[in-house]
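Asks: Heads up, the sequence shown is in my numbering, so the first residue is 363 and it goes up one at a time. C-beta: ideal position from N, C-alpha, C; glycine also. Nothing here was measured: the structure is a model prediction, and the numbers come from that model.
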Amino acid sequence: MKILTVEKLIVCAIVLILYNGYGFAAYNDSILEFSDNFNSPDGDVSENVDYSERQAGEWAVADEIIDNPTAIITSNRVRITRGSGFHPDHTLNDIENNLNVSCDAYVVDFDGTYNLFGMELKGSDHAYNWWYQNTPDRPVFQIDGANQWNRGSYRNYEWNAYYDTEYNHINTLFSARDGSAFWTACFCNGEPITAGQGNHGTILRIANPFPDSANMKLVCWAGKTSTDVAADNLVIKSVSPTFDISDWSDDSSSLISFAKTYTHAINCGGNTTTVNGVTFAGISNPSLTSNVTWRILNNVNEPSMISGTQSTTISGNGAMLAEDYFTAAPCSTLILSDLATGLVYKLTLYCNADAPDNDIAVATSDEDGGITTLNAHGSNGGKIISIGYIASAKGKFSITFDSNDTTTSNSWRLYAFSNEMAVPECSLFIGFLMMTGLFVRQ
363 MKILTVEKLI VCAIVLILYN GYGFAAYNDS ILEFSDNFNS PDGDVSENVD YSERQAGEWA
423 VADEIIDNPT AIITSNRVRI TRGSGFHPDH TLNDIENNLN VSCDAYVVDF DGTYNLFGME
483 LKGSDHAYNW WYQNTPDRPV FQIDGANQWN RGSYRNYEWN AYYDTEYNHI NTLFSARDGS
543 AFWTACFCNG EPITAGQGNH GTILRIANPF PDSANMKLVC WAGKTSTDVA ADNLVIKSVS
603 PTFDISDWSD DSSSLISFAK TYTHAINCGG NTTTVNGVTF AGISNPSLTS NVTWRILNNV
663 NEPSMISGTQ STTISGNGAM LAEDYFTAAP CSTLILSDLA TGLVYKLTLY CNADAPDNDI
723 AVATSDEDGG ITTLNAHGSN GGKIISIGYI ASAKGKFSIT FDSNDTTTSN SWRLYAFSNE
783 MAVPECSLFI GFLMMTGLFV RQ
């Protein structure tokens, strides 16, 4: 493997700019529908000025509709007070598959017993809200103002509304991929909200069609009027999740290479092993990862998983990557951290083909992420499933799997995974790096 210094990262970034991912799996396809950074030096955001500097995307230029005229609007962010909200003046009749809405938010002033910050998809027929509150166990998903399922079971430990004066990065996903229903998930700093009960986990299936004539709103509700939430960097994208899937029978087909630059290489539940010169660290207990650069969480966002063992027909050292696994019902989440903001990475999952034959819902936390399904089952020894992504401003990336099933026999199994930087494997640039002394094999 290669060891990266700051100088190497700079050169890698130059290479990525020049080649834009040459020789590397594409990340999710996406279309920027709308973005607004709320930098408005010539007037308040509510006055709808400085459009060309503030906004981008297919919907630009669009007015920001303020629902409550008493909302506090500043020149570089939106402060949403109790009972108020805002949304770009655009009706969502053109979203065919996945909608990804992200923003940065934190509580500015807090007064009262509770406060809520929400992302609301409001149509002519229904309103759907993801709410964050001031304690980890009080987020919730609502339909038309009614809590869905048992509110006390919801969890998210990243939203620190009482004291956090830094922005939390929120990603909300809505998928209309099923005509009779839609799916939704919500992440805060890479950690998903989980409903934490029965067959309701991190990706919720709503038995209603995607709402007609909808608007995407950011809203605030609180116990007293002096509470308000700051919001910034609103980004709305149409996305199409893209996973690369290939068969895996031996070390030569594993796509594991000493020439690649890995940030993570983990064998879940098994022993440490080396495949094609790359060492995969064996982790027997997922709770031991709490102080390192990755976590695997169960249906209540805790690092307590069920371990299992399975036989495999894969040959070579890589067989050890497909024998042991972690799982949880109905959902589990893998979170990577300490990533370089803005750089492109590829997450690869190594799967035993005897995994459950089940289409499992999958969602990722990046701004190009969406909701789709994966099935690791197959007729060959194993499957290799990978996806490219751009690391967020928080330096985190997560992927959550939800079987909508209360049994672990039908839930996702995490056998092994790796995460690599998207450095093009091009002899011209390798030669350049060697000549500059920035490419070192160790």
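What number of angstroms, rounded off, separates the C-alpha of Val-662 from the C-alpha of Asn-530?
Replies: Reading the sequence shown from its first residue, position 300 is the one you call residue 662. Reading the sequence shown from its first residue, position 168 is the one you call residue 530. If you take the alpha carbons of Val-662 and Asn-530, they lie about 20 Å apart.
Asks: Restricting to Cα atoms, I'd like to know which of Leu-566, Gly-445, Ile-752 is closest to Thr-534.
Replies: Here residue 534 refers to the residue found at position 172 of the sequence shown. Closest option to Thr-534, Cα to Cα, is Leu-566.
Asks: Where do the N-terminal and C-terminal ends of the alpha helix (DSSP H) with Glu-415 fall, by residue?
Replies: Taking the first residue of the sequence shown as 1, we reach residue 415 at position 53. Start and end: 413 to 416.
Asks: Nearest-angstrom Cα distance between Asn-518 and Cys-550?
Replies: Within the sequence shown, numbered from 1, the residue matching residue 518 stands at position 156. Within the sequence shown, numbered from 1, the residue matching residue 550 stands at position 188. About 8 Å.
Asks: For the beta strand (DSSP E) that contains Met-682, what are its first and last residues?
Replies: If you number the sequence shown from 1, residue 682 lands on position 320. Element bounds for Met-682: n/a, residue is neither H nor E.
Asks: What is the rounded straight-line gap between the Cα of His-449 and the Cα of Leu-596?
Replies: Here residue 449 corresponds to residue number 87 of the sequence shown, with the count starting at 1. Here residue 596 corresponds to residue number 234 of the sequence shown, with the count starting at 1. Roughly 10 Å between the two C-alpha positions.
Asks: Going by other Cβ atoms of all chains shown within 10 Å of its Cβ, with 16 needed for buried, is Phe-400 buried or exposed?
Replies: Stepping through the sequence shown from its first residue, residue 400 is reached at position 38. Phe-400 should be labelled buried.
Asks: Would DSSP call Ala-784 helix, strand or coil?
Replies: On the sequence shown, residue 784 is found 422 positions in, with the first residue counted as 1. In this structure, Ala-784 counts as coil in the three-state DSSP scheme.
Asks: From Leu-711 to Ile-628, what distance separates their C-alpha atoms?
Replies: For the purposes of this step, residue 711 is taken as residue 349 along the sequence shown, with counting starting at 1. For the purposes of this step, residue 628 is taken as residue 266 along the sequence shown, with counting starting at 1. Looking at the two C-alpha atoms, the distance is approximately 10 Å.
Asks: Consult DSSP for Thr-879 and reduce its assignment to one of helix, strand or coil.
Replies: Since the first residue shown for the chain is 363 and the last is 804, residue 879 is missing from the structure and cannot be characterised.
Asks: Taking the beta carbon of Gly-507 as the centre, do at least 16 other beta carbons fall within 10 Å, making it buried, or is it exposed?
Replies: Position 145 of the sequence shown, counted from the first residue, corresponds to residue 507. Under this definition Gly-507 is an exposed residue.
Asks: Does any CB atom of chain B fall closer than 8 Å to the CB of Ile-676?
Replies: In summary, chain B is missing from the structure at hand, where a single protein chain is found.
Asks: Of the choices Trp-656, Asn-570, Asn-647, whose alpha-carbon is the least far from that of Gly-757?
Replies: By 1-based counting over the sequence shown, the position of residue 757 is 395. Nearest of Trp-656, Asn-570, Asn-647 to Gly-757, Cα basis: Trp-656.
Asks: For the pair the stretch 636 to 649 and the stretch 544 to 561, tell me if three or more CB-CB distances fall below 8 Å.
Replies: Output reads no: the stretch 544 to 561 does not touch the stretch 636 to 649.
Asks: For Gly-306, I'd like the list of residues in its chain whose CB is within less than 6 Å of its CB, leaving aside the five on either flank, ordered along the chain.
Replies: An answer regarding residue 306 cannot be provided, because it is not within the stretch 363 to 804 covered by the chain.
Asks: Measure the CB-CB distance between Cys-713 and Ala-738 and report whether it falls below 8 Å.
Replies: Counting from 1 along the sequence shown, the entry for residue 713 is found at position 351. Counting from 1 along the sequence shown, the entry for residue 738 is found at position 376. It is a contact, given that the beta carbons lie within the stated cut-off.
Asks: Using C-beta distances below 7 Å, list every residue in its chain close to Trp-774, excluding the 5 sequence neighbours before and after it, in chain order.
Replies: Your numbering for residue 774 matches position 412 in the sequence shown. Cβ neighbours of Trp-774 beyond the five flanking positions: Thr-689, Ser-694, Ile-722, Phe-763, Ser-765.
Asks: May I ask you to list the residues that DSSP assigns as paired with Asp-764?
Replies: What you label residue 764 is simply residue 402 of the sequence shown in a count that begins at 1. The partner list for Asp-764 (beta bridge, DSSP) reads Cys-693, Ala-723.
Asks: CB-CB under 6 Å to Ala-717, same chain, minus the five flanking residues each way: which ones, in chain order?
Replies: Locating residue 717 in the sequence shown gives position 355, where the first residue counts as 1. Once the five neighbours on either side are set aside, the close Cβ partners of Ala-717 are Ala-738, His-739, Arg-775.
Asks: Taking the CB atoms as reference points, tell me whether Ser-446 and Asp-429 lie closer together than 8 Å.
Replies: Your numbering for residue 446 matches position 84 in the sequence shown. Your numbering for residue 429 matches position 67 in the sequence shown. Yes. Within cutoff.
Asks: In chain order, what residues of the same chain have a beta carbon less than 6 Å from the beta carbon of Thr-625, not counting five sequence neighbours either side?
Replies: Counting from one through the sequence shown, the residue named residue 625 turns up at place 263. Cβ within range, chain order: Asn-781.
Asks: Which same chain residues end up closer than 6 Å to Ala-424 when comparing Cβ atoms and leaving out the 5 residues on each side of it in sequence?
Replies: The sequence position of residue 424 within the sequence shown is 62, counting from 1. Here the set comprises Pro-450, Asp-451, His-452.
Asks: Can you list, in chain order, the residues of its chain whose CB lies under 6 Å from that of Phe-572, leaving out five sequence neighbours each side?
Replies: Along the sequence shown, read from residue 1 onward, the residue named residue 572 stands at position 210. Excluding residues within five positions, the ones whose Cβ falls inside 6 Å are Ala-538, Phe-544.
Asks: How close, in whole Å, do the beta carbons of Ile-697 and Leu-659 come, if the pair is a contact with beta carbons under 8 Å?
Replies: In the sequence shown, counting from the first residue as 1, residue 697 sits at position 335. In the sequence shown, counting from the first residue as 1, residue 659 sits at position 297. With 8 Å as the limit, Ile-697 and Leu-659 qualify as a contact, their Cβ atoms being about 7 Å apart.
Asks: Relative to the C-alpha of Asn-455, which residue among Ile-427, Thr-769, Ser-486 is closest?
Replies: Against the sequence shown, residue 455 aligns to sequence position 93. Cα-wise, what sits closest to Asn-455 is Ser-486.
Asks: Out of Lys-484, Gln-417, Asp-412, Gln-672, point me to the one whose CA is closest to Phe-396's CA.
Replies: Residue 396 sits at position 34 when you count from the first residue of the sequence shown. It is Gln-417 whose Cα lies nearest to the Cα of Phe-396.
Asks: Looking at the secondary structure, which residues open and close the beta strand (DSSP E) in which His-449 lies?
Replies: Sequence index remark: in the sequence shown, residue 449 carries index 87 (1-based). Element bounds for His-449: 447 to 450.
Asks: Below 8 Å between beta carbons: does that hold for Ala-467 and Val-591?
Replies: Reading the sequence shown from its first residue, position 105 is the one you call residue 467. Reading the sequence shown from its first residue, position 229 is the one you call residue 591. It is a contact, given that the beta carbons lie within the stated cut-off.
Asks: Looking only at its chain, what residues have a beta carbon closer than 7 Å to the beta carbon of Ala-643, apart from the 5 residues adjacent to it on each side?
Replies: Start at 1 with the first residue of the sequence shown, and residue 643 comes out as number 281. Here the set comprises Ala-627, Ile-628, Asn-629, Thr-634.
Asks: In terms of residue numbering, what span does the beta strand (DSSP E) encompassing Phe-605 cover?
Replies: Working through the sequence shown from its first residue, we reach residue 605 at position 243. That residue, Phe-605, is in no beta strand (DSSP E); it is neither H nor E in DSSP.
Asks: Once the 5 residues before and after Ile-618 are set aside, which same chain residues still bring their CB inside 6 Å of it?
Replies: As a first step, residue 618 must be located in the sequence shown, where it is residue number 256. Correct list, in chain order: Val-637, Asn-638, Val-640.
Asks: Can you tell me whether DSSP reads Ser-464 as helix, strand or coil?
Replies: Here the question's residue 464 lines up with position 102 in the sequence shown. DSSP places Ser-464 in strand when its eight states are reduced to three.
Asks: For a quick check, are the C-beta atoms of Lys-599 and Asn-462 less than 8 Å apart?
Replies: Mapped onto the sequence shown, residue 599 falls at position 237. Mapped onto the sequence shown, residue 462 falls at position 100. In this structure, Asn-462 lies closer than 8 Å to Lys-599 by Cβ.
Asks: Measuring alpha carbon to alpha carbon, tell me which residue in Asp-700, Leu-394, Ala-576 is nearest Gly-419.
Replies: Position 57 of the sequence shown, counted from the start, is the residue given in the question as residue 419. Cα-wise, what sits closest to Gly-419 is Leu-394.
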